[in-house]
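Residue numbers (the numbering used here), protein chains in the order written: chain A, 1 to 272; chain B, 273 to 686.
All residues carry an ideal CB built from backbone N, CA and C; glycine is no exception.
Here's the structure we're looking at; comments come further down.
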Amino acid sequence: MSEPIYVGIDVGSSATKCVLLDGGGELVGHHVVPSGFDYAESADSALAHSLLQASASRADIASCVSTGYGRASISIADRQVTEISCHARGAREWYPQVRNIIDIGGQDTKIIRLTDEGKLADYRMNAKCAAGTGTFLESIALKLGVTLDQLDELAMKSREDTVMNSYCTVFTGTEVIERIKEGQAREDISMGLFRSIATRVSEMMSSRDGPVSATGGVAAHCRALIRALEEVLEAEVFLPPMPQHAGAYGAALIALESKQAGRSSADHVARG
Amino acid sequence: MVSTAVKRVEIEAQKQLRGLLREHFLDLDRAAHDTDRKVAWCTSVGPCEILTALGFEVYFPENHGALLGAKKISHRLIPRAVGLGYSAESCSYMTSDIGSTLADASPLKEAFGISGPPKPDLLIYSTNQCREVQDWWNFYGRRNGVPVMGVCPPTHLGEVTAEHVAFVRRMLVKLIEQIEVQFGLKLDRERLRDVVALSSRASALWRQVLDTARAHPSPITFFDGVIHMAPVILMRGSQKALDYYEGLLVELWDRIREGIGAVPSERFRVYWEGMPIWPKVRELSEKFYDLSTVVAASTYCNSWAFEDYDGTDPLAWMARISTEIFINRDEASKQAFLGELFDRFDIDGAIFHNARTCPNNTNSRFGMPQRIREEYNIPVLVVDGDLSDIRFFSAAQTMTNIEAFIEQLEDHAR
Numbered sequence: 001m002s003e004p005i006y007v008g009i010d011v012g013s014s015a016t017k018c019v020l021l022d023g024g025g026e027l028v029g030h031h032v033v034p035s036g037f038d039y040a041e042s043a044d045s046a047l048a049h050s051l052l053q054a055s056a057s058r059a060d061i062a063s064c065v066s067t068g069y070g071r072a073s074i075s076i077a078d079r080q081v082t083e084i085s086c087h088a089r090g091a092r093e094w095y096p097q098v099r100n101i102i103d104i105g106g107q108d109t110k111i112i113r114l115t116d117e118g119k120l121a122d123y124r125m126n127a128k129c130a131a132g133t134g135t136f137l138e139s140i141a142l143k144l145g146v147t148l149d150q151l152d153e154l155a156m157k158s159r160e161d162t163v164m165n166s167y168c169t170v171f172t173g174t175e176v177i178e179r180i181k182e183g184q185a186r187e188d189i190s191m192g193l194f195r196s197i198a199t200r201v202s203e204m205m206s207s208r209d210g211p212v213s214a215t216g217g218v219a220a221h222c223r224a225l226i227r228a229l230e231e232v233l234e235a236e237v238f239l240p241p242m243p244q245h246a247g248a249y250g251a252a253l254i255a256l257e258s259k260q261a262g263r264s265s266a267d268h269v270a271r272g
Numbered sequence: 273m274v275s276t277a278v279k280r281v282e283i284e285a286q287k288q289l290r291g292l293l294r295e296h297f298l299d300l301d302r303a304a305h306d307t308d309r310k311v312a313w314c315t316s317v318g319p320c321e322i323l324t325a326l327g328f329e330v331y332f333p334e335n336h337g338a339l340l341g342a343k344k345i346s347h348r349l350i351p352r353a354v355g356l357g358y359s360a361e362s363c364s365y366m367t368s369d370i371g372s373t374l375a376d377a378s379p380l381k382e383a384f385g386i387s388g389p390p391k392p393d394l395l396i397y398s399t400n401q402c403r404e405v406q407d408w409w410n411f412y413g414r415r416n417g418v419p420v421m422g423v424c425p426p427t428h429l430g431e432v433t434a435e436h437v438a439f440v441r442r443m444l445v446k447l448i449e450q451i452e453v454q455f456g457l458k459l460d461r462e463r464l465r466d467v468v469a470l471s472s473r474a475s476a477l478w479r480q481v482l483d484t485a486r487a488h489p490s491p492i493t494f495f496d497g498v499i500h501m502a503p504v505i506l507m508r509g510s511q512k513a514l515d516y517y518e519g520l521l522v523e524l525w526d527r528i529r530e531g532i533g534a535v536p537s538e539r540f541r542v543y544w545e546g547m548p549i550w551p552k553v554r555e556l557s558e559k560f561y562d563l564s565t566v567v568a569a570s571t572y573c574n575s576w577a578f579e580d581y582d583g584t585d586p587l588a589w590m591a592r593i594s595t596e597i598f599i600n601r602d603e604a605s606k607q608a609f610l611g612e613l614f615d616r617f618d619i620d621g622a623i624f625h626n627a628r629t630c631p632n633n634t635n636s637r638f639g640m641p642q643r644i645r646e647e648y649n650i651p652v653l654v655v656d657g658d659l660s661d662i663r664f665f666s667a668a669q670t671m672t673n674i675e676a677f678i679e680q681l682e683d684h685a686r
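This is the structure in structure tokens:
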């Protein structure tokens with residue numbers, strides 16, 4: 001009989017991530033695809049690629065937990081767990097001492113605070129507004145005719161302490177035009193955008209005590225975000241090895257722990 | 273997500289409530305078309321007993337605002353009011369109600385075959401809940417050419433003192449004089465005493481209804497409460513409200529004896545602070561049901577649970593109950609009230625609704641949830657939304673927030 005595989009699938013608004021663990025909790029496969037129109041199809045594709053990487057088959061799947069906005073679309077999932085619990089679980093596996101997790105995704109930003117025991121103490125999600133999310137950056141980058149990676153590259157070259165006065169995606173777009181007219185350097189304007197997100201994030205934190213980790217797609221792709229967060233929070237921000245996969249990793253850990261505990265309801269954040 | 277296998281047992285009294293509401297609105301419509309009868313509009317915790325005692329039929333526009341939200345049509349009506357200069361960020365009960373009048377669209381037409389809300393002869397407000405009601409009523413005053421009168425109790429009070437009560441009582445006396453002069457009426461003080469006694473008894477029965485949720489499992493949820501509270505708002509001061517709640521109580525006590533829970537596999541008990549999200553009441557009810565969680569108590573449903581009338585001065589009772597309501601109090605009084613209810617209903621966690629167009633009935637904007645979490649050591653969640661305007665609500669975010677909240681409660685229970 002093949003090694004049992006534990007699957008975590010995180011269907012986000014922009015990307016679908018899959019992580020596979022073996023029975024010892026070792027990461028044996030992972031993949032990310034755009035979520036697109038069909039969440040089930042994207043999840044299937046991410047799973048197929050991950051299984052290939054792990055030299056495993058669907059028959060080896062012992063348990064699967066789905067998370068993210070499209071979590072209900074995953075028919076093979078034994079259980080759905082929110083991305084809040086999953087990101088917390090994943091980040092905590094990488095950094096056991098972490099107390100604040102900043103997850104910046106395409107559609108929303110989540111601030112998750114853990115207790116000293118690693119339990120969920122508090123969490124906040126952005127309101128019905130793109131301020132402080134990946135969509136904010138993507139929208140402005142599109143307006144400026146650059147990719148998100150190029151925006152990040154430009155920002156990392158900035159040497160000025162430029163701050164945007166708006167959080168709103170629309171008004172920031174207008175402000176960027178004003179700054180261009182004023183002759184501000186594109187590098188500084190770009191960094192100002194990341195500072196805008198970092199400032200918005202700082203407002204959502206109920207406490208800044210304890211180590212901070214950043215997860216999610218924006219943290220994975222944008223070094224300037226980490227730089228801005230560290231500036232605003234005046235603290236080191238830990239970037240895990242696979243920030244975009246933190247939710248899927250947490251989901252896979254919950255799947256593994258549930259199976260090991262022989263329970264239908266998965267444990268999550270408290271278990272390490 | 274945990275799905276309950278046991279089927280929900282509906283509250284039987286709801287069928288009777290439908291008939292009661294039907295008769296209530298049909299009679300209001302008849303009154304509006306009868307030149308011998310007068311209709312007064314009144315705010316929901318306004319001085320309606322005076323109006324009833326003076327012979328007016330009383331209509332409560334806030335109930336119509338809630339109905340427009342529950343029927344999911346507010347967002348189509350609000351732009352009509354915004355076009356007239358009423359901010360889209362001001363009370364969505366007000367903007368949707370004004371919009372419904374401008375569009376001549378009311379769910380009352382379809383539900384009861386009537387011409388819509390009854391035309392007012394008089395508009396009476398109390399600003400004990402918010403100042404917006406003045407602007408709302410003034411719109412209808414101008415539109416219908418009828419008088420608008422009201423009382424403005426002191427607000428944000430800590431202790432409600434005898435001086436406060438005396439001050440509001442004087443406003444009520446003045447109001448009575450204004451109405452008497454305007455309509456050539458004379459208030460029968462004995463009649464007022466009887467109406468107040470009925471109001472107080474209806475309120476006491478309503479409090480008993482809410483108290484049944486102390487049972488484990490609770491026979492009733494917040495989502496039942498927002499339906500069954502209709503008589504204590506619309507018909508208080510009448511025997512009909514008493515009869516209804518006496519019947520409902522018998523049924524709820526039976527449910528407790530038989531162990532019938534509103535959420536059969538009740539695992540957690542949470543508190544709802546703030547306004548209902550009317551367009552999503554059903555979806556939220558189902559979400560909590562699926563999560564085996566009962567919303568056992570709320571500030572909103574308690575807004576009509578007044579202290580008992582002692583049979584002495586009816587105007588003093590009216591002055592006191594309308595001044596000491598939760599929404600009219602300072603932060604410390606509100607926090608103490610919430611703490612009492614957390615204990616009384618054995619609450620595991622509290623959800624605060626940040627109603628975007630209702631700052632006065634939103635208590636999450638000045639750090640109260642954080643203070644509550646520290647003081648009572650319970651998980652607290654703030655959800656963004658609105659009482660009526662669905663455009664402020666994100667289903668995916670809210671449902672994820674609620675699911676994560678239950679995961680947090682599971683975590684705490686371990």
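Presumed contact (8 Å Cβ cut-off) between residue 179/A and residue 189/A, rounded CB distance: If you number the first sequence from 1, residue 179/A lands on position 179. If you number the first sequence from 1, residue 189/A lands on position 189. Correct: roughly 5 Å between the Cβ atoms.
Supposed contact pair residue 365/B and residue 338/B - C-beta distance, whole angstroms, cut 8 Å: For this step, residue 338/B is matched to residue 66 along the second sequence. For this step, residue 365/B is matched to residue 93 along the second sequence. Right, their Cβ atoms sit about 7 Å apart.
Which residues DSSP lists as bridging residue 421/B, in chain order: Mapped onto the second sequence, residue 421/B falls at position 149. Paired residue(s): 396/B.
Buried/exposed call for residue 290/B, threshold 16 Cβ in 10 Å: To locate residue 290/B, count along the second sequence from 1; it is residue 18. Flag for residue 290/B reads exposed.
Residue 18/A - partner residues in DSSP beta bridges: Walking along the first sequence from the start, residue 18/A turns up at place 18. Per DSSP, 9/A and 31/A.
Under 9 Å from the C-beta of residue 123/A: neighbouring residues of chain B: One-based indexing of the first sequence puts residue 123/A at position 123. The answer, in chain order, is 653, 673, 676, 677 and 680.
Cross-strand partners of residue 213/A (DSSP beta bridge): In the first sequence, counting from the first residue as 1, residue 213/A sits at position 213. DSSP lists 101/A and 238/A as partners of residue 213/A.
Cut-off 6 Å between Cβ atoms - residues of its own chain near residue 680/B, not counting five sequence neighbours on either side: Locating residue 680/B in the second sequence gives position 408, where the first residue counts as 1. 651, listed in sequence order.
Proximal residues to residue 84/A (C-beta, below 7 Å), its chain only, five neighbours per side dropped: Locating residue 84/A in the first sequence gives position 84, where the first residue counts as 1. Taken in chain order, the residues that qualify are 110, 112 and 123.
Amino acids of chain A, ordered along the chain, whose beta-carbon sits closer than 9 Å to that of residue 347/B: On the second sequence, residue 347/B is found 75 positions in, with the first residue counted as 1. Under the 9 Å cutoff, chain A gives no residues; its nearest Cβ is about 13 Å from residue 347/B.
Start and end residues, alpha helix (DSSP H) containing residue 314/B: Counted from its first residue, the second sequence places residue 314/B at position 42. No alpha helix (DSSP H) contains residue 314/B, which is instead part of the beta strand (DSSP E) from 311-314.
Backbone secondary structure at residue 522/B - three-state DSSP: By 1-based counting over the second sequence, the position of residue 522/B is 250. Note: residue 522/B maps to helix in three-state DSSP.
Interface flag, residue 35/A vs chain B, CB-CB below 8 Å: Taking the first sequence and counting its residues from 1, one reaches residue 35/A at position 35. It does not: the Cβ of residue 35/A has no partner Cβ on chain B nearer than 8 Å.
Extent of the continuous beta strand (DSSP E) run through residue 625/B: Position 353 of the second sequence, counted from the first residue, corresponds to residue 625/B. Unbroken beta strand (DSSP E) run through residue 625/B: 621-627.
8 Å Cβ cut-off: residues of chain A touching residue 665/B: The residue given as residue 665/B occupies position 393 in the second sequence. Under the 8 Å cutoff, chain A gives 128.
Through-space distance from residue 668/B to residue 555/B, alpha-carbon basis: In the second sequence, counting from the first residue as 1, residue 555/B sits at position 283. In the second sequence, counting from the first residue as 1, residue 668/B sits at position 396. Using only the alpha carbons, I get a separation of about 12 Å.
Contacting residues, own chain, Cβ-Cβ under 7 Å from residue 101/A (five flanking each side not counted): Here the question's residue 101/A lines up with position 101 in the first sequence. Cβ neighbours of residue 101/A beyond the five flanking positions: 87, 88, 91, 112, 213 and 215.
Cβ-based burial, residue 11/A [other Cβ within 10 Å; buried from 16]: As a working mapping, residue 11/A is identified with position 11 in the first sequence. Answer is buried; the Cβ neighbour count reaches 16.
Integer-rounded CB distance, given that residue 9/A should sit under 8 Å from residue 47/A: Translated into the one-based positions of the first sequence, residue 47/A becomes position 47. Translated into the one-based positions of the first sequence, residue 9/A becomes position 9. Yes, residue 47/A and residue 9/A are in contact; Cβ-Cβ is about 7 Å, under 8 Å.
Inter-residue Cα distance where the pair is residue 244/A and residue 71/A: Here the question's residue 244/A lines up with position 244 in the first sequence. Here the question's residue 71/A lines up with position 71 in the first sequence. One C-alpha to the other measures close to 16 Å.
Candidates 27/A, 49/A and 26/A: closest to residue 33/A by CA position: Sequence index remark: in the first sequence, residue 33/A carries index 33 (1-based). Residue 33/A has its Cα closest to that of 49/A, out of 27/A, 49/A and 26/A.
Alpha carbon of residue 671/B to alpha carbon of residue 559/B, nearest angstrom: Locating residue 671/B in the second sequence gives position 399, where the first residue counts as 1. Locating residue 559/B in the second sequence gives position 287, where the first residue counts as 1. Our two residues, residue 671/B and residue 559/B, have alpha carbons roughly 8 Å apart in a direct line.
Which listed residue (682/B, 470/B and 630/B) has its alpha carbon closest to that of residue 517/B: Along the second sequence, read from residue 1 onward, the residue named residue 517/B stands at position 245. The residue with the shortest Cα to Cα distance from residue 517/B is 470/B.
Residue 378/B versus residue 521/B: straight-line alpha-carbon distance, rounded: Taking the second sequence and counting its residues from 1, the one referred to as residue 378/B is at position 106. Taking the second sequence and counting its residues from 1, the one referred to as residue 521/B is at position 249. Straight across, the Cα-Cα distance linking residue 378/B with residue 521/B is about 32 Å.
Three CB pairs or more closer than 8 Å across the region 224-242 of chain A and the region 253-264 of chain A: Using a C-beta cut-off of 8 Å, the region 224-242 of chain A makes no contact with the region 253-264 of chain A, since fewer than three inter-stretch Cβ pairs fall below that distance.
CA nearest to the CA of residue 323/B, picked from 640/B, 299/B, 310/B and 334/B: As a position in the second sequence, residue 323/B is number 51, starting the count at 1. Minimum Cα distance to residue 323/B is reached at 310/B.
Touch test, the region 350-364 of chain B against the region 379-387 of chain B, Cβ-Cβ under 8 Å, three pairs minimum: no
Spatial distance of residue 541/B from residue 535/B (CA atoms): If you number the second sequence from 1, residue 541/B lands on position 269. If you number the second sequence from 1, residue 535/B lands on position 263. Their Cα atoms are separated by approximately 10 Å.
Assigned secondary structure, residue 656/B (DSSP; H/G/I helix, E/B strand, else coil): Within the second sequence, the letter at position 384 stands for residue 656/B. DSSP places residue 656/B in strand when its eight states are reduced to three.
Cross-strand partners of residue 541/B (DSSP beta bridge): Numbered from its first residue, the second sequence carries residue 541/B at position 269. DSSP output for residue 541/B lists 566/B as bridge partner(s).
Exposure label - residue 286/B; buried when at least 16 CB within 10 Å: Position 14 of the second sequence, counting from 1, holds the residue named residue 286/B. Its Cβ having fewer than 16 others within 10 Å, residue 286/B is exposed.
Alpha carbon of residue 169/A to alpha carbon of residue 605/B, nearest angstrom: Mapped onto the first sequence, residue 169/A falls at position 169. Mapped onto the second sequence, residue 605/B falls at position 333. Straight-line Cα distance between these residues: approximately 39 Å.
Buried versus exposed call for residue 228/B [16 or more other C-beta atoms within 10 Å across all chains shown]: With chain B represented from 273 up to 686, any question about residue 228/B goes unanswered, as that position is not in the structure.
Contacts that residue 108/A makes with chain D (C-beta to C-beta distance below 8 Å): Protein chains in the displayed structure are A and B, and chain D is not among them.
Beta-carbon spacing of residue 593/B, residue 579/B below 8 Å: As a first step, residue 593/B must be located in the second sequence, where it is residue number 321. As a first step, residue 579/B must be located in the second sequence, where it is residue number 307. Contact flag set, yes.
Identity of the residues DSSP links to residue 287/A by a beta bridge: Not covered by the structure: residue 287/A. The range shown for chain A is 1 to 272.
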